[in-house]
Structures are given as structure tokens and as C-alpha cells.
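Chains A and B supply the protein sequences, listed in that same order. The opening residue of the first sequence carries number 0 in numbering that gives the first Met the number 0; numbering runs sequentially from there. The opening residue of the second sequence carries number 0 in numbering that gives the first Met the number 0; numbering runs sequentially from there. The beta-carbon is built from N, C-alpha and C at its ideal position, and this holds for glycine as well. Here the structure is a predicted model, which means the values were calculated and not measured.
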Amino acid sequence: MTIALQKYVEADAVPVVPSATIVALDPPRPSFVQARLIPAAKEWAARIVPPIITIGALLIVWQILCMKPGATLPSPSRIWVDAKDLITDPFFVAGPQDIGLGWRILTSLQRVAIGFGLAAVVGILLGALVGQSVWAMRGLDPIFQVLRTVPPLAWLPIALAAFRDSRPSAIFVIFITSIWPIIINTAVGIRNIPQDYRNVAAVVRLNQLEFFWKIMIPSAAPYIFTGLRIGIGLSWLAIVAAEMLTGGVGIGFFIWDAWNSSRLSDIIIALVYIGLVGFVLDRIVAFISNIATRGAQAS
Amino acid sequence: MAYLKVDHVDKVFSRGNRETEVLKDIQLTVEKGEYVSIIGHSGCGKSTLLNIIAGLTNATQGCVLLENQEVNSPGPDRAVVFQNHSLLPWLSSYDNVRLGVDKVFGKTKSRAERHDWVMHNLDLVQMGHAKDKRPSEISGGMKQRIGIARALAMEPKVLLLDEPFGALDALTRAHLQDSVMALHQKLGNTVMMITHDVDEAVLLSDRIVMMTNGPSARIGEVLEVPLPRPRKRLELAANATYLKCRQRVLEFLYERHRYVEAA
Numbered sequence: 000m001t002i003a004l005q006k007y008v009e010a011d012a013v014p015v016v017p018s019a020t021i022v023a024l025d026p027p028r029p030s031f032v033q034a035r036l037i038p039a040a041k042e043w044a045a046r047i048v049p050p051i052i053t054i055g056a057l058l059i060v061w062q063i064l065c066m067k068p069g070a071t072l073p074s075p076s077r078i079w080v081d082a083k084d085l086i087t088d089p090f091f092v093a094g095p096q097d098i099g100l101g102w103r104i105l106t107s108l109q110r111v112a113i114g115f116g117l118a119a120v121v122g123i124l125l126g127a128l129v130g131q132s133v134w135a136m137r138g139l140d141p142i143f144q145v146l147r148t149v150p151p152l153a154w155l156p157i158a159l160a161a162f163r164d165s166r167p168s169a170i171f172v173i174f175i176t177s178i179w180p181i182i183i184n185t186a187v188g189i190r191n192i193p194q195d196y197r198n199v200a201a202v203v204r205l206n207q208l209e210f211f212w213k214i215m216i217p218s219a220a221p222y223i224f225t226g227l228r229i230g231i232g233l234s235w236l237a238i239v240a241a242e243m244l245t246g247g248v249g250i251g252f253f254i255w256d257a258w259n260s261s262r263l264s265d266i267i268i269a270l271v272y273i274g275l276v277g278f279v280l281d282r283i284v285a286f287i288s289n290i291a292t293r294g295a296q297a298s
Numbered sequence: 000m001a002y003l004k005v006d007h008v009d010k011v012f013s014r015g016n017r018e019t020e021v022l023k024d025i026q027l028t029v030e031k032g033e034y035v036s037i038i039g040h041s042g043c044g045k046s047t048l049l050n051i052i053a054g055l056t057n058a059t060q061g062c063v064l065l066e067n068q069e070v071n072s073p074g075p076d077r078a079v080v081f082q083n084h085s086l087l088p089w090l091s092s093y094d095n096v097r098l099g100v101d102k103v104f105g106k107t108k109s110r111a112e113r114h115d116w117v118m119h120n121l122d123l124v125q126m127g128h129a130k131d132k133r134p135s136e137i138s139g140g141m142k143q144r145i146g147i148a149r150a151l152a153m154e155p156k157v158l159l160l161d162e163p164f165g166a167l168d169a170l171t172r173a174h175l176q177d178s179v180m181a182l183h184q185k186l187g188n189t190v191m192m193i194t195h196d197v198d199e200a201v202l203l204s205d206r207i208v209m210m211t212n213g214p215s216a217r218i219g220e221v222l223e224v225p226l227p228r229p230r231k232r233l234e235l236a237a238n239a240t241y242l243k244c245r246q247r248v249l250e251f252l253y254e255r256h257r258y259v260e261a262a
């Protein structure tokens with residue numbers, strides 16, 4: 000109270016200064032680089048640095064282990080020297096059997112696309128049948144449960160005998176490998192359609208086809224995509240094995256061919272390619288699944 | 000002749016060799032434009048009765064007649080508003096309503112007419128502004144409004160409401176009850192509503208059907224609510240007729256047919 004009073008007195012004593020213009024200074028505005036670019040770069044670096052360090056460490060350990068004379072596997076530096084053309088240019092063509100790994104991957108991918116595409120269509124339809132009809136489930140489920148445990152390559156001789164050609168045989172192996180998880184997951188998804196949705200469909204009187212497209216597929220989509228994701232992974236596993244046996248242009252045959260001519264470095268490069276492509280395939284299906292099933296979860 | 004007639008309906012559920020009689024000898028007639036509520040304790044089979052009328056469940060004995068035609072399969076002439084809204088989560092509000100409209104009026108109305116009809120019904124429940132929203136993006140009361148719009152848009156002969164406000168908070172519920180009352184006033188629908196809320200039943204209904212406890216639930220009593228329409232919630236709070244009706248239902252539910260826990 001006293002302080003306020005004092006101030007008032009003082010203020011009164013001081014002659015009033017004729018109005019001084021006040022220049023408002025803008026607070027220092029962070030530039031675009033400071034505000035956006037640097038945090039973004041930091042975020043990016045935080046994600047990218049750890050994998051670089053671990054990969055680098057792995058390569059160094061590998062290098063040390065395989066540098067000794069008498070090492071059975073090539074070291075990273077050795078691979079770089081041996082297979083530089085394969086690493087730097089995936090799409091060269093130097094002869095009918097001497098082509099870049101990119102081309103071989105594309106050939107394999109084409110087979111996977113056909114085999115997996117067929118498996119997706121047939122698998123979803125069969126899964127819908129098994130999920131919808133108790134009779135079909137009781138009749139078909141035991142068969143599915145037994146057949147799905149058969150390893151992919153065990154189908155190959157039968158396929159070769161049936162098709163008398165290696166190309167459709169490889170595709171058939173992809174198909175038969177990837178179809179089981181699609182069938183089983185679709186069936187589970189269909190069985191889990193809430194009774195509410197079935198009631199709605201019944202009141203509106205949707206026919207079988209409309210029910211399939213408008214209720215079953217969207218409602219079971221999360222399950223179906225789980226099946227598709229497992230399926231695409233399995234089919235990529237199977238294609239390499241199938242191609243090793245059937246020959247031709249694919250990445251699987253390339254590995255077998257390299258092994259027969261003792262080009263170990265080429266094999267390791269091929270493995271990296273296969274791993275990366277498998278990873279990308281999985282991501283693509285996951286991405287499509289995220290878009291397609293947006294909002295499919297009941298709230 | 001009655002518009003909707005439930006004729007000597009029995010319902011027995013059998014699981015394995017155990018049989019449970021849920022409904023026994025239900026007889027009920029509903030006139031055109033009437034608002035009838037069915038009230039009873041939980042587990043008394045009132046939802047089963049509604050499902051039988053909707054055609055979602057079949058009666059073990061007896062039948063349901065709508066305009067003297069027997070009905071035993073579900074159809075848009077007996078549209079249901081489900082308790083938990085049952086909107087398809089992957090469709091927008093508009094598409095949820097449109098699904099039924101396309102199916103019911105696919106042959107009789109043009110594309111543009113169907114669009115207008117969907118919008119008209121969304122506007123009836125004051126949901127025109129949310130037509131592009133998915134069910135997950137709107138509140139519980141709004142979802143139920145869309146559910147009502149979906150049912151109304153099928154132009155049902157009888158509108159079946161299965162505890163339509165049960166999952167809503169008290170304020171939203173009151174608001175929605177007023178909306179349903181206004182819609183009934185405006186459109187003159189025949190409505191059958193399942194409820195376990197005494198005030199709701201008295202406020203909305205022309206007649207209240209009280210069911211005894213299961214198993215073998217019967218219709219215990221039917222009460223006429225002789226209140227003039229339009230009814231105002233606030234004015235009725237002190238209305239003698241309203242209070243008397245309310246008292247009757249309460250007596251039935253809590254004195255004569257007290258809920259027996261896990262009987």
C-alpha cells in the first residue's frame with residue numbers, strides 16, 4: 000500500500016514527457032531452417048543413425064571374421080570386389096543368362112503376382128464359404144488342416160507331373176503355399192461378423208451377392224488382410240525354393256546357378272535382394288490393408 | 000381388423016435336450032398409427048418378442064400378421080432400430096441410410112429421387128450436416144439418430160424400436176425421445192418400442208404392454224395412456240393422469256412382478 004502511494008507521488012512529480020513513439024520490435028522470428036528443417040533433420044537422424052551403426056558394426060565383425068586366410072565365406076570387401084556389377088547396376092543385360100539381379104527379381108515377382116493373386120481370389124472365396132456355411136466348414140476344414148502342413152516343395156513333383164512344364168509348376172507352388180492362411184483367416188473373419196450386421200442385412204433383405212460385397216468383405220477385411228500378409232510372405236519364401244528346382248530366369252535359380260559355379264559373393268548379394276524385396280512386399284500389403292480397413296473396426 | 004396382430008405366440012429355446020420356454024401365449028394387436036411400448040424386467044423375453052415380430056427369430060407356435068398377411072422373415076416393412084445402433088462402421092452416415100433406400104426403392108425411384116429421399120430422412124432426424132461422417136466420428140446420440148433415419152427411410156409399416164435409447168445418457172435420451180415423439184406426430188408411423196424405462200414408456204406411448212417375468216413370460220397387463228398429444232415433458236411432470244399411469248406401471252413392475260434375481 001505504501002509503495003503504491005510512493006510511486007504515485009513520484010509519478011506526479013516527474014514532468015510528463017511528450018508522447019514518445021513506441022517502436023514495437025518483432026520478436027525474433029525463427030527462420031524456416033530453424034523452425035522446420037532442423038527439427039525434421041534431428042527426427043530423421045534419430046531414426047536413421049541406429050540402423051546405420053548396427054549395420055556398420057555387423058559388417059566390421061563380418062570383415063574381421065572372414066579376413067583370416069582359410070575363411071570359408073567371403074568378407075564384405077571381397078564381395079564388393081567380386082560382385083560390384085551386381086550391386087551397382089541391377090538392370091544390366093550382358094547376355095541371355097548374364098543379366099542384372101533386378102531383372103531376375105522382376106521375373107520372380109511376376110510369378111508371385113500370378114500365384115498369389117490366384118490364391119487371394121480363391122482363398123477369399125473358399126474362406127467365405129467355410130466361414131458362412133457350417134456344413135462346408137465341417138467338410139473342408141479337416142482337409143485344409145492337413146494340406147496346409149505340407150511343405151511347399153513337396154507339391155512340386157506333383158505339379159510338374161500335372162503341368163509338364165516348370166513355369167506353371169512354380170506358380171502352382173506359390174498358389175498352394177499362400178492360400179491356406181488366406182482361407183483360414185477369411186473364414187475366421189466371416190465367422191466373427193457381428194450378429195448386428197447380419198440383422199441389418201436381413202431387415203434390408205440383401206441377397207447373397209450383396210451380402211458378400213457389402214457386409215462380409217468390409218467386415219472381415221482386417222482378418223482377410225492378415226491372411227494376405229502371411230500369404231505374401233510365404234509365397235516369397237516358396238518362390239526361391241521352387242525356382243532353384245525348376246530353373247529359368249528367377250532369383251532362386253540364380254542362387255542355385257551361382258552355387259554350382261562357386262560364386263559365393265553373388266549368392267550373398269542375392270540374399271540381400273531377396274530380403275529387401277520380401278520386406279517391401281510385406282510393407283505394401285500392410286499399407287493397402289491400412290487404407291482398405293480404415294473405419295472397419297466397430298466403435 | 001387389427002393392423003399388426005401377434006397371435007398366440009409361444010417361443011421355446013432348446014439347447015441340446017434342455018428346453019426353455021421364453022414366451023407363452025402372447026396375444027397383442029396394434030392399430031395403425033399407434034405407439035405401443037413393451038416394458039418388463041430384463042430377461043423377460045421382450046426383445047425376443049420384438050425379434051419375432053421383426054422376423055429375425057421364428058415363433059415356436061402362433062404367428063404374426065401384418066395387414067392380415069403372415070410375416071415370418073425379416074423385411075423393410077418392419078424396420079428395426081437396434082439398441083446399439085448397428086450402423087456399418089465402414090460406411091458414412093449417408094451410405095448407411097442409402098443402403099436400405101437403394102434396396103427398398105431401387106426399382107421405384109430414380110437415382111436422384113433416392114438421393115433426395117436419403118437427405119430428407121437425414122434432415123428429419125437433424126443429421127443432414129453429418130452425412131459424410133463415419134459412425135466412429137459421431138456421438139452415441141447421433142448414431143442412434145442415423146439408425147432411426149435408416150429405419151424411417153425404408154418407409155416401414157411398423158417401426159420397431161429395440162431399447163433405442165438404452166445406451167444413451169439421460170440428457171441425450173430426453174432429447175431423442177422428444178425427436179421421436181415429434182416424428183411420430185408428423186409421420187403417423189405405427190411404432191412398437193421395447194423399453195425398461197417407465198417414464199419413457201408413459202411419455203411416448205398410447206398403450207403400454209407390461210410383461211411378467213420369464214421364463215414363460217406372458218402379457219400381464221395393458222395400460223392405455225389417455226394423454227393428449229402433442230405431449231410436453233415439462234407440463235406432464237405434474238399432470239395427474241401422467242402420474243397415475245406411471246404409478247400403475249411402477250406397481251406392476253416392482254410390486255406384483257418383482258424382478259427375481261437369477262430365478
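Distance check for residue 170 of chain B and residue 164 of chain B, CA to CA, integer angstroms please. Translated into positions along the second sequence, residue 164 of chain B becomes position 165. Translated into positions along the second sequence, residue 170 of chain B becomes position 171. Looking at the two C-alpha atoms, the distance is approximately 11 Å.
Please report the distance separating the alpha-carbon of residue 208 of chain B from that of residue 192 of chain B. Walking along the second sequence from the start, residue 208 of chain B turns up at place 209. Walking along the second sequence from the start, residue 192 of chain B turns up at place 193. Distance between the alpha carbons of residue 208 of chain B and residue 192 of chain B is about 10 Å.
Tell me whether the stretch 16 to 33 of chain B and the stretch 69 to 79 of chain B touch, counting them as touching only if at least three CB pairs, one residue from each stretch, are closer than 8 Å. As far as the Cβ criterion goes, the stretch 16 to 33 of chain B does not touch the stretch 69 to 79 of chain B, which means the pair count is below three.
Helix, strand or coil for residue 183 of chain B per DSSP? As a first step, residue 183 of chain B is located in the second sequence; it is residue number 184 there, counting from the start. DSSP places residue 183 of chain B in helix when its eight states are reduced to three.
In chain order, what residues of the same chain have a beta carbon less than 8 Å from the beta carbon of residue 56 of chain B, not counting five sequence neighbours either side? Residue mapping note: residue 56 of chain B aligns to position 57 of the second sequence, counting from 1. Excluding residues within five positions, the ones whose Cβ falls inside 8 Å are 10, 47, 50.
According to DSSP, what are the bridge partners of residue 221 of chain B? Taking the second sequence and counting its residues from 1, one reaches residue 221 of chain B at position 222. Partner residues in the beta bridge of residue 221 of chain B, as assigned by DSSP, are B:208.
Is residue 61 of chain B helix, strand or coil when you go by DSSP? Taking the first residue of the second sequence as 1, we reach residue 61 of chain B at position 62. It is a strand residue.
Cα-Cα separation, residue 5 of chain B to residue 189 of chain B: Numbered from its first residue, the second sequence carries residue 5 of chain B at position 6. Numbered from its first residue, the second sequence carries residue 189 of chain B at position 190. Rounded to the nearest angstrom, the two C-alpha atoms are 14 Å apart.
Tell me the rounded alpha-carbon separation between residue 149 of chain B and residue 97 of chain B. Here residue 149 of chain B is taken as the residue at index 150 of the second sequence, counted from 1. Here residue 97 of chain B is taken as the residue at index 98 of the second sequence, counted from 1. Going from the Cα of residue 149 of chain B to the Cα of residue 97 of chain B covers about 8 Å.
What three-state label does DSSP hand residue 189 of chain B in the structure shown? Residue mapping note: residue 189 of chain B aligns to position 190 of the second sequence, counting from 1. Residue 189 of chain B: strand per DSSP, three-state reduction.
When we look at the beta-carbon of residue 287 of chain A and count the other beta-carbons within 10 Å, is it buried (16 or more) or exposed? To locate residue 287 of chain A, count along the first sequence from 1; it is residue 288. The Cβ neighbour count for residue 287 of chain A, taken over all protein chains shown within 10 Å, is under 16; the residue is labelled exposed.
Within 10 angstroms of the Cβ of residue 241 of chain A, are there 16 or more other Cβ atoms? Answer buried if so, exposed if not. Along the first sequence, one-based indexing puts residue 241 of chain A at 242. By the Cβ-count criterion, residue 241 of chain A is buried, with 16 or more other Cβ atoms from all chains shown falling within 10 Å of its own Cβ.
Please state whether DSSP places residue 136 of chain B in a helix, a strand or coil. Here residue 136 of chain B refers to the residue found at position 137 of the second sequence. Helix.
Please look up how many angstroms separate the CB atoms of residue 223 of chain B and residue 206 of chain B, rounded, as I've assumed it's under 8 Å. For the purposes of this step, residue 223 of chain B is taken as the residue at position 224 of the second sequence. For the purposes of this step, residue 206 of chain B is taken as the residue at position 207 of the second sequence. Confirmed, Cβ separation roughly 6 Å.
Beta-carbon of residue 102 of chain B versus every beta-carbon of chain A: anything under 8 Å? In the second sequence, counting from the first residue as 1, residue 102 of chain B sits at position 103. Yes, its Cβ sits closer than 8 Å to a Cβ of chain A.
In chain order, which alpha helix (DSSP H) runs of at least 4 residues are fully inside the stretch 13 to 78 of chain A? You should have 37 to 66.
Taking C-beta pairs closer than 8 Å, name the residues in chain A that residue 81 of chain B reaches, listed in chain order. To locate residue 81 of chain B, count along the second sequence from 1; it is residue 82. 195, 198, 199, listed in chain order.
Could you list which residues in chain A have their beta carbon closer than 9 Å to that of residue 78 of chain B, in chain order? In the second sequence, residue 78 of chain B corresponds to position 79, counting from 1. Simply 202, 203.
Classification of residue 253 of chain B by the beta-carbon crowding that lies within 10 angstroms, buried from 16 upward: Within the second sequence, numbered from 1, the residue matching residue 253 of chain B stands at position 254. Residue 253 of chain B counts as exposed, since fewer than 16 other beta carbons sit within 10 angstroms of its beta carbon.
Just the chain B side, please: which residues come within less than 9 Å of residue 217 of chain A by C-beta, in chain order? Locating residue 217 of chain A in the first sequence gives position 218, where the first residue counts as 1. Simply 87, 88, 89, 90.
The stretch 47 to 66 of chain B: positions lying closer than 9 Å to chain A by Cβ: In summary, the residues of the stretch 47 to 66 of chain B whose CB is separated from some CB of chain A by less than 9 Å are 50, 53, 54, 55, in the order they occur in the chain.
Which residues bound the beta strand (DSSP E) around residue 29 of chain B? The residue labelled residue 29 of chain B in the question sits at position 30 within the second sequence. 17 to 29 is the span of the beta strand (DSSP E), which, as asked, contains residue 29 of chain B.
Reduced DSSP category for residue 38 of chain B - H, G, I as helix; E, B as strand; rest coil: For the purposes of this step, residue 38 of chain B is taken as the residue at position 39 of the second sequence. When secondary structure is reduced to three states using DSSP, residue 38 of chain B falls in the strand class.
To the nearest angstrom, report how far apart residue 261 of chain B and residue 204 of chain B are at their CA atoms. Residue mapping note: residue 261 of chain B aligns to position 262 of the second sequence, counting from 1. Residue mapping note: residue 204 of chain B aligns to position 205 of the second sequence, counting from 1. Per-residue confidence for residue 261 of chain B stands at a pLDDT of 47, beneath the threshold of 50, marking its modelled position as unreliable; the derived number appears in the next sentence. Looking at the two C-alpha atoms, the distance is approximately 30 Å.
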